[in-house]
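Notes for the one structure printed next.
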Amino acid sequence: VVRNTDRYLPSIRGMSRYFQQPPPAHFSFPWWLDMAKIVSGRGGKVLLNGGHGNVVISYGGLPALARYLEAGRFKDWMREMAMARRREAVRIRGLLFNSARPFLPEKIGGMLSRIAYGLPAVAVTFVRKEWRQEPQPSAKLGYDSARRAMIKTYDAGWRKRGIFALTGVEERDPCGDKDLIEFCLSLPPEAHLRQGRIKPLIREAL
97 VVRNTDRYLP SIRGMSRYFQ QPPPAHFSFP WWLDMAKIVS GRGGKVLLNG
147 GHGNVVISYG GLPALARYLE AGRFKDWMRE MAMARRREAV RIRGLLFNSA
197 RPFLPEKIGG MLSRIAYGLP AVAVTFVRKE WRQEPQPSAK LGYDSARRAM
247 IKTYDAGWRK RGIFALTGVE ERDPCGDKDL IEFCLSLPPE AHLRQGRIKP
297 LIREAL
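Residue numbers for the sequence shown, in the numbering used here: 97 to 302.
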């Protein structure tokens, strides 16, 4: 277990030499850095992580409700709504929002998402604008579009290069494997929300 004890602001200022914008995941970054320092101190050169895990093997949760609706499985949707309400202690408005989010115009859905969650991670990227595949503001997103957008725009090399410059440790992410990503994108909604349980696939895998 690694617990970072550095003062927050000095650690962020120290990293600014290695990045052209504030580091991502500010509160997690000092901990990531400590992990790499420990690996380096033990003579390690490569560190495996699961940076893509949240959109691949450990993806899941209430957004899967929209997949049930998209497939016309209304009875299953109602069952999962009721069971998630009991098992995960979520609010009705959260269930309804996650069910409807992909079918809302992006301007409305994006506004509601920003109110609920703040700035989306896909808004912070160094991937060239002409290389991104982003939905038009008026388009409806469809299930999994935000997940696919994060996969397409996540610039893992940017953070990895900074960690390498700071510690000499190269990070690699098995969860970024193309075959694994395609397999996980092909899974049915039961892999993401089943009997009211969030992320059943990764729970069973572990």
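Heads up, the beta-carbon is just placed ideally off N, CA and C, and yes, glycines get one too.
These numbers come from a predicted model, not from an experiment.
Under the three-state reduction of DSSP output, V151 falls in the helix class. Each of V142, L191 and I247 was checked against the Cα of D273, and the nearest Cα belongs to I247. Under the Cβ criterion (8 Å, minimum of three pairs), the stretch 159-174 does not count as touching the stretch 268-283.
Our two residues, S124 and V98, have alpha carbons roughly 12 Å apart in a direct line. At the C-beta level, I277 and G157 stay beyond 9 Å of one another.
Shown here for P296: same chain residues with a beta carbon closer than 8 Å to its own, the five before and five after excluded, namely G156, E286, A287, H288, L289 and R290 in chain order. A straight-line Cα-Cα distance of about 14 Å links V265 and A252.
Contact annotation: R244 and L200 have beta-carbon atoms that are not nearer than 9 Å. For L143, the enclosing beta strand (DSSP E) begins and ends at V142 to L144.
C-alpha of A196 to C-alpha of P106: approximately 42 Å in a straight line.
In the structure shown, L200 falls within a coil segment according to DSSP collapsed to helix, strand and coil.
In the three-state reduction of the DSSP assignment, E266 falls in the strand class, which pools E and B.
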